[in-house]
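**Q** In short: position in the sequence shown from 1, add 424, done, that's this note's numbering. Backbone N, C-alpha and C fix where the C-beta goes; we use that ideal spot for every residue, glycine too. All of these numbers come straight from a predicted model, not from anything done at the bench.
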Amino acid sequence: MVEVCNEITGPYCTKLLVDLGADVYKVESISGDPIRRWGAMMPGGIDHSGLFEYLNAGKRGATVGLTSEGDLAALHDLVAGADLLVENLAPGSQQRWDWGLDPDSLARLNPRLVVVRISDFGQHGPSRDRETTPLTLQAASGWVNEREPGRPPVQAGARIPEYIAGSYAAMGALTALRIAAGGAGRPVEVDVSAFEALLSTLPYPMLLAERLIKMGLPGNAKGAPMLGIVRAADGWVGINCLTGQHWLDVCAMVGLPEFGEHQIAIMIGGPEREEFFEKANPWLESMTVADLVELSQALRIPAAPVTDGQSILSCPQYAERGFFIDTRTDPAAQGFVRPGAPFRLSKTPAAPPRPAPALGESVAGWGGETAADSRRGDGDFSALPPADVTQPFAGLKVFDLSTFWAGAYLTCYLGAFGADVVKVESIQRPDGHRYSGSLLRDGDDWYERGPLWQGTNLNKRDITLDLSSETGRELARRMAAEADVVVENFSPRVVEHFGLDYDSLVEINPDVIMVRMPGFGLAGPWRDYVGWALNIEQLSGMSSTTGYADGPPCNLQGPADPIAGVHAAVALLAALEHRARTGEGQLIEVAQIEAGAAVTAEPVIEYSLTGQVQAREGNRHRTYAQGVYPTATEDEWVAISVRNDADWVAVAEAVGQPELGSDFRFATAQARLDNHEAFDDVLAAWTGGRTAEEAAEELSMRGVPAEPILRADRMYDVEQLDARSFYQALEHPITGPHRFPGWPFHITPGPNRHHRTVAPTLGQHNDEVLVEVGLSVQDIASLRDRQIIGERLLNS
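(1) Thinking C-alpha only, which one of Thr1057, Glu620 and Gln852 is nearest Arg552?
(2) Please name the residue, chosen from Val678, Ala504 and Ala531, that lies closest to Ala608 on a Cα-to-Cα basis.
(3) By the 10 Å Cβ neighbour count, where 16 or more other Cβ atoms means buried, how is Thr1092 classified, buried or exposed?
(4) Three or more C-beta pairs under 8 Å: does that hold for the stretch 939–952 against the stretch 910–923?
(5) How many Å lie between Glu1155 and Leu1194 at the Cα?
(6) Just confirm the distance between the C-beta atoms of Gly955 and Pro649, as a whole number of angstroms; I'd bet it's less than 8 Å.
(7) Straight-line CA distance for Gly791 to Glu1192?
(8) Do three or more CB pairs link the stretch 1046–1064 to the stretch 1123–1143 at distances below 8 Å?
(9) Cβ-heavy atom distance between Gln562 and the ligand FAD below 7 Å?
(10) Quick check on the DSSP output: the beta strand (DSSP E) that includes Ala1056 runs from which residue to which?
(11) Could you please give the first and the last residue of the uninterrupted alpha helix (DSSP H) stretch that includes Met903?
(12) For Ile736, does the three-state DSSP call read helix, strand or coil?
(13) Can you tell me whether Lys703 is helix, strand or coil according to DSSP?
(14) State the Cα-Cα distance for the pair Glu920 and Leu929, rounded to the nearest angstrom.
(15) Nearest to His1002 by CA position, among Met466, Asp935 and Lys703, is which residue?
(16) In the DSSP assignment, what are the bridge partners of Arg1163?
(17) Does DSSP put Asp886 in a helix, a strand or coil?
(18) If you follow the beta strand (DSSP E) that Phe944 is in, where does it begin and where does it stop?
(19) Using only the alpha-carbon positions, how far apart do Val442 and Arg1216 sit?
(20) Thinking C-beta only, is Val1014 closer than 8 Å to Phe767?
(21) Taking only three categories from DSSP, how would you classify Glu1131?
(22) By Cβ distance, which residues of its chain are closer than 6 Å to Ala957, with the 5 residues on each side in sequence left out?
(23) Taking Asp1098 as the reference, give the member of Arg1044, Leu513 and Trp1110 with the closest Cα.
(24) Where does Ser850 sit, in a helix, a strand or coil, going by DSSP?
(25) Within the stretch 707–783, note down every full alpha helix (DSSP H) run reaching 4 residues or more, in order along the chain.
(26) Can you give me the C-alpha to C-alpha distance between Ala1056 and Gly1020, rounded to a whole angstrom?
(27) Measure the alpha-carbon distance for Gln669 versus Val911 and round it to whole angstroms.
(28) Would Leu479 and Ile432 be called neighbours here (beta carbons separated by less than 8 Å)?
(29) State yes or no: is the C-beta of Gly474 within less than 8 Å of the C-beta of Ala486?
(30) Taking only the alpha-carbon atoms, compute the straight-line gap between Gly733 and Arg885 and give it to the nearest angstrom.
(31) Answer yes or no: do Ser1032 and Val730 have a C-beta to C-beta separation smaller than 8 Å?
(32) Does DSSP classify Trp660 as helix, strand or coil?
(33) Output the boundary residues of the alpha helix (DSSP H) element that contains Phe1103.
(34) Going straight from the alpha carbon of Thr556 to that of Ser565, what length do you get?
(35) Compute the Euclidean distance between the alpha carbons of Asp526 and Gln579, then round it to the nearest angstrom.
(36) Assign Met938 to one of three DSSP states: helix, strand, or coil.
Here's what the structure looks like:
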């Protein structure tokens, strides 16, 4: 595989593939990947940063000069023999043509190639060529949110969104390799949009806003998670109520049972909220983080410490599982600490990371590698190419035991492109995601109406089985015995209690691939802890990097589940390839806290190299000035970045003060950083007289990165998304037509639709599926009479 990428998105994509055994050649220009110089440098005179080492470990490297015909010829020879090319050049970049990486040249070089092109907005659409920075791209995609009351909305820290785009690119790459194995006759292209990747990891705010508006409520109604992140005696802790029972238990725990009836009012910021915390905080602050976590978990309340780059290393769950790789004690190693692989495959485990390439290696030094040398086997990547490129997973049988979002996101993807996904619930205990959105419970069939449930469970068939009964468990085992893939993301003891763990299933289905996605992992002292997305954010370091330096850590409120789902999909697609070649199934473990830590790598790396914990940066950037500014419309904001002196001259002209271009306070990048508050005052005074759209367009037309912060109630009104058919209209039998967000890449040739079917109703496919496993009409009627199956929630 060949990588022509800078920064994080492309390198993280190929890093995941290296973890899975790929041989990756990293191509750089003479100046090198800028991430080589981002953050703390490696010890021992190594010429790059720790973050570069993490992203590029185990790759081969070479520099290519634009004027060197020998370098370009060697690069073309390598591409001619590659399975995959990953690049994140700008769509209009001349370098793509100069290096012969344009579509026509690649078609001549290697018609069997898969090409993954990662860009901010995708390869087409009206926003394709907009200038962006990580901040403005987050703003455009709805990722910059109010996280501290009374302060401007703030971005996610630690460059997490860039890893997310890279993980989707890896998922798209492995899907496209499956398509290419069928012999498309030309390169298969994967057009990855980082903008769409970020939208895809949000908890369906556009669907939720649509529902709220139809109910006569504000489309941007928000509620803070309770308790959220609170201060303890020795640090920060996350205590997160997922259900009404959790809230009652929290109130009892802190000695305030009288607030048990006020959960909603406190969550949405009513006067009761201030009163509650005024009384609860003294008790919380008298307890240590460890004691609060232990007590909460004893009551089955989701709770976790909020870790940073230092404290995460002493977390007993990570430590006992050996997740972080520490080479500081080996004099021969490039000593620092980094996350391990975000997935664990029982038969094809990730190898220990090898060194990253040094800058300046010659492409000629690749040793005359030929197409025949670099290809594996007979040149086919997959032994099971699809018959229909629009359904690359056709024929794959998936038994879906998942709940909530992480596992369901994986199976939603497989089902979208052809897999037969059978989801299991029960009328006694349906998927907990049906309960999400307590404000929306109208009607007897409220459990069918939830936007979060519907968005997560497209492309599936649904059956109900009471797994507490022997009959229900036996039917589940019968279906698992016929499945190619079994997916679950409960706490470990749940499926083990039902006899549906991997060791049990492999006895009846020797080549099954099982994907287990527990929050904290299958082993370790915290394996049976309860937790959900916010706990993953808190424990993996995401929360500690997000927020203002003088404020508390902040939840991102959304992405942990799909992050785990996408990483699980990447591992599963590799395991399917392994099984196609060898006939061997295996167990895949994706601990959600480890997937979260893998995309929050920088704080750990920086601490291990400097001994310092990075402060939260709010909306600031380390090398240039930027911020989020109010506009003439209340509660609307615009994000603006000034990357260089040319940007600043353009801003000075836009604000009608060209003399600011040479003002000593702002004339250089360092001066702007040193006078950041004055810089912010200039921009805020100007944006305050305009709408967010007006300010952003005025600056964008001058080449300055600027974007309005996208609100949930406007996510359907984005021209770029319409141009790329990001949303797909489907009609639900109960709630009617909806536009569902799709996947953040286009594969050509490949799937031409994001989704096939709407989310099923409870038990909708009971008869259909049970007949397929050999039950008679009478058998099925008996199961219904005994409430082992059903189509309505029991006691609803």
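**A** Taking the definition as stated:
(1) For the residues Thr1057, Glu620 and Gln852, the minimum Cα distance to Arg552 belongs to Glu620.
(2) Ranking Val678, Ala504 and Ala531 by Cα distance to Ala608 puts Ala531 first.
(3) exposed
(4) Contact between the stretch 939–952 and the stretch 910–923 is present, because at least three Cβ pairs lie under 8 Å.
(5) Whole-angstrom Cα-Cα distance: 26 Å.
(6) So it is not a contact: roughly 13 Å between Cβ atoms.
(7) Only weak support exists for where Gly791 lies, its pLDDT of 45 falling under 50; the value from the coordinates is given anyway. Roughly 58 Å between the two C-alpha positions.
(8) yes
(9) No copy of the ligand FAD appears in this structure; indeed no ligand is present at all.
(10) Premise fails: Ala1056 is in no beta strand (DSSP E) and is neither H nor E.
(11) Glu894 to Ala905
(12) helix
(13) Helix at Lys703.
(14) Cα to Cα, Glu920 sits roughly 10 Å from Leu929.
(15) Asp935
(16) Ala1153
(17) strand
(18) Run containing Phe944: none; DSSP gives neither H nor E here.
(19) Rounded to whole angstroms, the gap between the alpha carbons of Val442 and Arg1216 is 47 Å.
(20) yes
(21) strand
(22) Ala984 and Asp985
(23) Arg1044
(24) coil
(25) 713–722 and 740–745
(26) 37 Å
(27) Straight-line Cα distance between these residues: approximately 27 Å.
(28) yes
(29) Gly474 is not a Cβ neighbour of Ala486, given a cutoff of 8 Å.
(30) 42 Å
(31) No, Cβ-Cβ distance for Ser1032 and Val730 is not below 8 Å.
(32) strand
(33) Bounds of the alpha helix (DSSP H) holding Phe1103 are His1100 to Thr1111.
(34) 12 Å
(35) Distance from the CA of Asp526 to the CA of Gln579, rounded to the nearest whole angstrom, comes to 34 Å.
(36) strand
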